[in-house]
Structure formats: C-alpha cells, structure tokens
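> Sharing a structure here in structure tokens format.
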Amino acid sequence: MAKKRSGGGLTGTQQAAKFVGVSVLSGAVLAGIALPAFGALGLAAKGTVEGFDEIPANLKTPPLSQRTTILDSKGGQIATVYSRDRTVVPLADISPYMQKAIVAIEDSRFYEHGAIDLKGVLRALNKNATSGGVAQGASTLTQQYVKNVFVEEAGDDPDKVAEATQQTLGRKVKELKYAIQVEEELGKKKILENYLNITFFGQQAYGVEAAAKRYFSKPAKDLKLEEAAMLAGIVQSPSRYDPVNDAQEAKKRRDTVLQRMADMKDVSQAEADRAKAAPIKLKVAKPKNGCITAVSGAGFFCDYVREVFLSDPVFGKTKEERAKLWNQGGLTVRTTLDPQAQQSTQASIKDHVYQSDKVATAVTLVQPGTGKIMAMGQSRPYGFGNHETQINFSVNKQMGGSNYGFPVGSTFKPFLAAAAIEGGKPPTQQYPSPYEMEYPATVQTCGAKPWVNVRNESLENENESEHGPYPLRTAMEKSVNTYFVQMLGEIGMCPVAQMTDKLHVVQGNGAKLPMVPSALTLGSTGISPLNMASAYAAFANRGTYCTPVAIESIKKADGTALPVPKSSCSQAMSQTTADSINTLLRGVTDSGTGALAGLSDRDNAGKTGTTDQRKNAWFVGYTPNMSGAVWVGSPTQGVEMENITIGGVYKEKVYGGEVPGPIWKDAMTGALSGQPAPSFVRVDIPDPQPKDPPAGDAGPNPNPNPKGKGGKKHRPGDNKPGGGITVPPNPGITIPPGVIGGATDGAIGGNWP
5 MAKKRSGGGL
15 TGTQQAAKFV
25 GVSVLSGAVL
35 AGIALPAFGA
45 LGLAAKGTVE
55 GFDEIPANLK
65 TPPLSQRTTI
75 LDSKGGQIAT
85 VYSRDRTVVP
95 LADISPYMQK
105 AIVAIEDSRF
115 YEHGAIDLKG
125 VLRALNKNAT
135 SGGVAQGAST
145 LTQQYVKNVF
155 VEEAGDDPDK
165 VAEATQQTLG
175 RKVKELKYAI
185 QVEEELGKKK
195 ILENYLNITF
205 FGQQAYGVEA
215 AAKRYFSKPA
225 KDLKLEEAAM
235 LAGIVQSPSR
245 YDPVNDAQEA
255 KKRRDTVLQR
265 MADMKDVSQA
275 EADRAKAAPI
285 KLKVAKPKNG
295 CITAVSGAGF
305 FCDYVREVFL
315 SDPVFGKTKE
325 ERAKLWNQGG
335 LTVRTTLDPQ
345 AQQSTQASIK
355 DHVYQSDKVA
365 TAVTLVQPGT
375 GKIMAMGQSR
385 PYGFGNHETQ
395 INFSVNKQMG
405 GSNYGFPVGS
415 TFKPFLAAAA
425 IEGGKPPTQQ
435 YPSPYEMEYP
445 ATVQTCGAKP
455 WVNVRNESLE
465 NENESEHGPY
475 PLRTAMEKSV
485 NTYFVQMLGE
495 IGMCPVAQMT
505 DKLHVVQGNG
515 AKLPMVPSAL
525 TLGSTGISPL
535 NMASAYAAFA
545 NRGTYCTPVA
555 IESIKKADGT
565 ALPVPKSSCS
575 QAMSQTTADS
585 INTLLRGVTD
595 SGTGALAGLS
605 DRDNAGKTGT
615 TDQRKNAWFV
625 GYTPNMSGAV
635 WVGSPTQGVE
645 MENITIGGVY
655 KEKVYGGEVP
665 GPIWKDAMTG
675 ALSGQPAPSF
685 VRVDIPDPQP
695 KDPPAGDAGP
705 NPNPNPKGKG
715 GKKHRPGDNK
725 PGGGITVPPN
735 PGITIPPGVI
745 GGATDGAIGG
755 NWP
C-alpha cells in the first residue's frame, strides 16, 4: 500500500503522484514521459490504481560500486581494481558550479517540483505533439536517479541491465513510485549528491569525482565553471559528447549548458560568455584499473590477493557472493607484501633474467612463523604483450598459476631427510651411494601393495666421481641421487608422504604427490614456488608449518572491518628434526652445490635442484626469518638449459646453484637489509667413521646390475650434456605434453644438484 500520513490521508505529493501513476497506467501521459512512440511499439496501455499500489514501497538501494585499493604492509598503494571506476564523495566536496550545471541542464525545476514535474510533463506533451516526434522528455532528476539505481543493481549482467532500462509501462510506473519515496526520505540535497555519485560520465568514469579526475586530473571540488558545464553536458549522451573523441561536439554541448545556467541566473551572462570563449582543455588521466597497473612488479601478487578473496569462504558462502562483494568494491585491502622485499626481489629478477629470454624465473619470499607472503615476482610481467603473461608461475593452478607447477629436482631431498630423521634415522646415516643403480625392486607405500620396479628403472649421479659410501651431510651437500634413493628404499614412501602432507606440499594442480620413488625422492613432480617456500619456512621455524597468507586487513567503504583468513600453524616435525635439517642445509650454502647463493652476514641454509634435461633449475633457501624459492625454466617445459644465454650471460649448463642461487642471494640480501640476523639452533652432526663395504659390495662403485665399463650404459638421452636419470615413459606420473608447467616427454623424474 502507498504510504500515508498519520492522519490517514495521502500527502499532496502522493496524491499528485498517484494521479500520474493512474494516468500512466491508462496511457494518458505515457507518450510524454517515456514512450512517445508507444503506439508504434504496439504497447497496450492498461492498469489500475490497485496495480500502482501493489508495487513494493521501499526502493532497495544497493551500495555503489567503487574502487578497491590494494595496499602493501606499510600502507603504500599497490594497485586499484574496480568493476566501475567510482569514488563516492559528499556534496560539500563537489564544486557548486557542478551542482548548478547538472540541475540547469537536466532538471531546471528540481528545487520547485516533487518527485514528478507535472508542469514538465505537460510541457513535454505539448512539445512532442507539436513536433510530431520525440523532442522532449519529462524525467526529473529524482526519476533519473531511481533509474540509475536499477542499472547499478543490475551490475554487469547484460540481461538485468536490459531489464532495468527497457521501455515498458511496468518499469516506468515503478520508477515513478520509487521517486515519490526517494523525495520524501532523502530530500533534494541528498538526491543531488546521490545522483552526481551514481551517474555515468563516459570514459569508464562513474560519478563526478572519477569524471573530474579522468578528464581534468583534479577532484570534483576544484572544477571550474567551463569544466563543470562540460561534464554536465556529457550525461545526456556520454558517447556523443565525449570530449576525448569529439571535442567540437563536446564544446557545443558545453556552451548549451553554460547558456542554460545563465538563463537560470546561476551565473551571469558575462560569466557564461567568458566560459564559452575558453577552449576545451583536457588533462586526461588514463584509467588505472587492475593488477596490470601494480607497482614494483607486484601484479601477480595483486592477482593472487583477488583469487584468495574469491575462493575463501570467509568472504562469503558462495563464489557468487564473494564475487559480488569484490565487484562492489570500495574496499581497502592491506596485504602482507613488504615493499622492501618486493623491490629487492624484482631488482634481482631484472638483473639476472631478461623479459625476452627463452626461459623465465619466478621468486616468492615468505616469513617463517607467520606465513606472510613478503614478495612475489617473475621475469615476464603481468600483461598481454610479447613476453608478458597473466599466469602466475609462483602459485598453484586454482590460484591463477601454471597447470602443474614445475618439477623441483633435488630441492625435494630435505623432505625425505626430514621424514627419515623424524622416524629415527640418525643425521649421520650412511649409505653406499653408488654412481649408478637401479631403483629398489620394491618400495613400501602407505597401502598394502608396495611399489614394484617392473620396468627396471634406474638412476645415476651427476658425475662418475660421485660414489660412496656417503654420510647424510656429504650426500646433502653434493646432492647425491643414489644416496637418497637408498634412504627411501629403507624407510619406505609412507613416511615421506606423511611429512609432505604435514608441510602441505602438493602438486601444482592441487593433487597429492604420487606414490612413486622418483616423485618422493628426486622431485619429478611439479610444485609451485610458493608451496616450496612455505614448506621450507617450516625448517626455519623449527618444525612449525604456517599456511601462507596474503591479506592482513580489509575495510569496507564505511570503515567497518571484514574478517580475513588467518594463517594456521601446526607442528610438522620435532624441533630436533628441523634443527638437524637446518644444520645439514647450512653445508649446502657454505661449501656445497649452493655455495654461490650463500649469505655472508647471517645464518642461511638451502638446497639446489636441477631437473632432467635441465628444463628446470631451483634454489630454495632460508634464514630464521625469511624463506624464499626461486625457479628458472621454460613455462612450457620446452627449453633445455644448455648452451643458453640468460640475462645476457652465456651458460654452457645451468645448475640450481648457478642461476637461481644468485637470484635468491640478491633478493634475500635486499629484503633482509636492516633486519635482525638470528641464528639457527645448531645440532652436532659428527662425520661418521668409515665403514667396511657391505658383503657383495663391488668396492667404491657398487652396482648390483653393472652395465658395461664403468657401470654406465649408454641410453637415449645419456649422450646429452649432463646425463641424468632415465625413467621409462609413463612411470605413473606422466604430465601431458605442451601444457604450462608440464613435462614434454615421457622421461621425467631425473635431477641434478
């Protein structure tokens, strides 16, 4: 029912509006208000007073979609994102010229009439009848505001937008009734404020504040007379009167607005004439929307923040709810990104790998103990041009990353060592570690059936000089493949799978690691840099793993705070196990394969990794207060990194310690500059006493299945520089060829240091 005054009667405004509503329903004034040619459209005019009354009395005004601002941890702006570029401002922050100009040209009797301007309706009827066409409409500013509310509520849904703007009796009558409500509840000044904030001004600018900044690079409160008149003139037809594309047409329209302001006594004729004489002077600011505009190479982190928002139930039960909240915007998102760490990371990337190189690099830094992502960057920028991409090489597929991640090589070995030590193996454990060997005949899995080496799969070390016996410390420093396969054969795969589960290590597609030796020993499976950096952070944090987080706080446009996902921390291994791994990995950066990555001014540890055919090279390392992963390779896995130029430097062979290692070192050095330098808790790991070779051992190069002189059998691929592990096609973990992050042949699973 229509609203009534306490005495029971309708107000004068309501009576007039009801009359108009009934008239519209009967077809009497429809032609002059919205559908002058309704007869030609075949619309039947029908309806009753009751039909008008049955329309819901309350207009549901959706929050206006605005910009969302993404900030780093220090409050610096990373980027702004929006579905509609709008900044809502109060009337006091809008130039008086702008207020007068929009009223003069759109609804000059705005302050004199109610929701519907009956005088304007009659004038429009007469004008249209005289002209024999559609010469003049009669919508008030209030009615236009209501229509804009319908459009705003429709969002980006084309069907809903069409429904909100369709020329029908029902929509027009609903608009009329809601206009009555708006007039009574808001008052003229608030209606004008809302109108100026909601209306479209062209060039992707919604609301007068965005329009003033788009066309003149200034806030709405500073608009001059001629500038305000130009903006007011655009509203009627943003495409026709676009000053960027047609300055002459825009000037004609502007001058029409100025003359109308003079006629209404808003300005003097002399002021209007002076303004007319001024040329259109634009200072156009290009739209800066989305993660492509992010500073310091943080576009991929920005996109990751959006993916977190859209995927986490803390922001809404359904994806549709979360998307609606994100698109509505007006949020201030403070993230974990540390500007010092991000700048250092991006500078290191730029120094070592060029955007145009055949291969790319991705780097992610996280903070142990909090899970905070401190930096995220890659050599191919966020974009759509040559050597640019929108795929975030640092994260899993469901968060915008590559299809499978990238094989991690020997950087997986610390997970195996941690599982062994956690299960009771001493950190001095020694194995024969031949140069070349077959995988064990069987390896225990978590199920009843063991893995069986039905294809006689074999592996070898990087150099023929690498043969044992070796203790764990030396095997880790030299990254001896056969040592770790022997360790896996003894402890089985289940402890390793359980350890990686606790460290949340998964494949790049989100699936669990496959239960095959090459995956749980030599890193044949694709994993993302963020996943690796977060897992290694558990070593730095003395065994406690913390899930990665990117968002610290979110505030809505009205200042209220939204809940944000928190890092969840759990003990993945004992402190003693973690301390042992830290001690072992210190040797890698001190004198092992990662010596080129070692930091000289603080405790640090890490591990190198290079995969089969040198398609991927890694360094994952950490200090007690920062963990970082660096991957270098071809996103399509189509480049073998031999005789290749990377970052302007020729490389005969790429190793994990030679290219990724220095990237990590430079990124970490800058990121940690001025930060505390805590030490690891050391574990005494003495060198074991030499043991006699076990019975049947062939001496320094034991090999249960010798294959010719020196124990080496030449196979396809072995004649390529570097040799490596050979695994027959499809060992249970084949990745489809030609996919981002996937292997391109069947022989996957090999690694080098």
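Just add 4 to the spot in the sequence shown (first one is 1) and you have the numbering used here.
Ideal Cβ positions, reconstructed from N, Cα and C, are used throughout, including at glycine.
Would the region 659-671 count as touching the region 616-636 if we require 3 or more Cβ pairs under 8 angstroms?
Contact between the region 659-671 and the region 616-636 is present, because at least three Cβ pairs lie under 8 angstroms.
> State buried or exposed for G613, treating a residue as buried only when at least 16 other CB atoms are found within 10 Å of its CB.
buried
> Leaving aside the five residues before and after F220 along the sequence, list all residues of the same chain whose C-beta is less than 6 angstroms from its C-beta, in chain order.
Closer than 6 angstroms at the Cβ level, and outside the excluded window around F220, lie E231, K287.
> Using the rule of at least 16 other Cβ atoms within 10 Å of the residue's Cβ for burial, across every protein chain shown, is G700 buried or exposed?
Low per-residue confidence applies at G700: pLDDT is 32, beneath 50, and the placement is therefore not dependable, though the value from the model is reported in the following sentence. So G700 counts as exposed.
> Could you tell me the alpha carbon to alpha carbon distance between V28 and E116, rounded to whole angstroms?
Confidence in V28 is poor, its pLDDT being 45 and thus under 50, which makes the residue's placement too unreliable to answer from.
> How far does the alpha helix (DSSP H) with F543 in it extend, from its first residue to its last?
533-544
> Taking all protein chains shown into account, do 16 or more other C-beta atoms lie within 10 angstroms of the C-beta of Q490, making it buried, or fewer, making it exposed?
Buried is the call here.
> Which two residues bound the contiguous beta strand (DSSP E) that contains S584?
Run containing S584: none in the beta strand (DSSP E); it sits in the alpha helix (DSSP H), 579-594.
> In this structure, how does DSSP classify C450 when only helix, strand and coil are distinguished?
The answer is coil: DSSP assigns C450 none of H, G, I, E or B.
> Taking just the CA atoms, how far does F304 sit from G736?
Note on G736: pLDDT 32, under 50, position unreliable in the model; no value is reported.
> What residue range is occupied by the uninterrupted beta strand (DSSP E) comprising S631?
630-637
> Quick one, which of I184, G301, D89, Y245 has its alpha-carbon nearest I202's?
D89
> Please name the residue, chosen from E324, V312, L229, that lies closest to D161 on a Cα-to-Cα basis.
E324
> Expressed to the nearest angstrom, what Euclidean distance is found between the alpha-carbon atoms of N586 and G493?
24 angstroms
> How far does the alpha helix (DSSP H) with S348 in it extend, from its first residue to its last?
343-356
> Considering only residues of the same chain and omitting the five flanking positions on each side of E187, which have a CB-CB separation below 6 angstroms?
Cβ neighbours of E187 within its own chain (closer than 6 angstroms, five residues either side excluded): G118, A119, T146.
> Assuming contact is defined by CB atoms lying nearer than 7 angstroms, are Q70 and G389 in contact in what I supplied?
no
> Mind the definition here: the region 497-506 touches the region 429-446 only if three or more C-beta pairs lie below 8 angstroms; say whether that holds.
no
> Three Cβ pairs or more, each shorter than 8 angstroms: is that satisfied between the region 294-303 and the region 378-388?
yes
> In this structure, how does DSSP classify S300 when only helix, strand and coil are distinguished?
coil
> A366 and W635 - do their beta-carbons sit closer together than 7 angstroms?
yes
> Report back the beta-carbon spacing between Y540 and S631 to the nearest angstrom; my notes put them in contact at under 8 angstroms.
5 angstroms
> In this structure, how does DSSP classify P438 when only helix, strand and coil are distinguished?
coil
> Give me the Cα-Cα distance between A236 and M102, rounded to the nearest whole angstrom.
7 angstroms
> How would you label G598, buried or exposed, when you count the other beta carbons within 10 angstroms and need 16 or more for buried?
buried
> Considering just the uninterrupted stretch of the alpha helix (DSSP H) at E275, what are its terminal residues?
273-281
> What does Q575 pair with, by DSSP beta-bridge criteria?
T548
> Determine the burial state of E189: buried for a count of at least 16 other Cβ atoms within 10 Å of its Cβ, exposed for fewer.
Result: exposed.
> When you compare only the Cα positions, how much space is there between N198 and F204?
12 angstroms
> So, with DSSP's three-state summary, where would you put G137?
With a pLDDT of only 45 at G137, under 50, the local geometry of the prediction cannot be trusted, and no value is derived from it.
> Are the region 266-275 and the region 94-112 touching by the rule of at least three beta carbon pairs closer than 8 angstroms?
Yes: the two stretches touch, three or more of their Cβ pairs being nearer than 8 angstroms.
> Distance check for P372 and S571, CA to CA, integer angstroms please.
The straight-line gap from Cα to Cα measures roughly 11 angstroms.
> Identify the residues that DSSP records as bridge partners of I555: which are they?
Note: I555 sits in a beta bridge opposite T339.
> Closer than 8 angstroms is the cut-off here; do at least three beta carbon pairs connect the region 339-356 with the region 76-87?
yes
> Whose CA, out of A289, V261, D505, lies closest to the CA of K280?
For K280, the closest alpha carbon among the candidates A289, V261, D505 is that of V261.
> Just mark T593 as buried or exposed, buried being the case when its beta carbon has 16 or more other beta carbons within 10 Å.
buried
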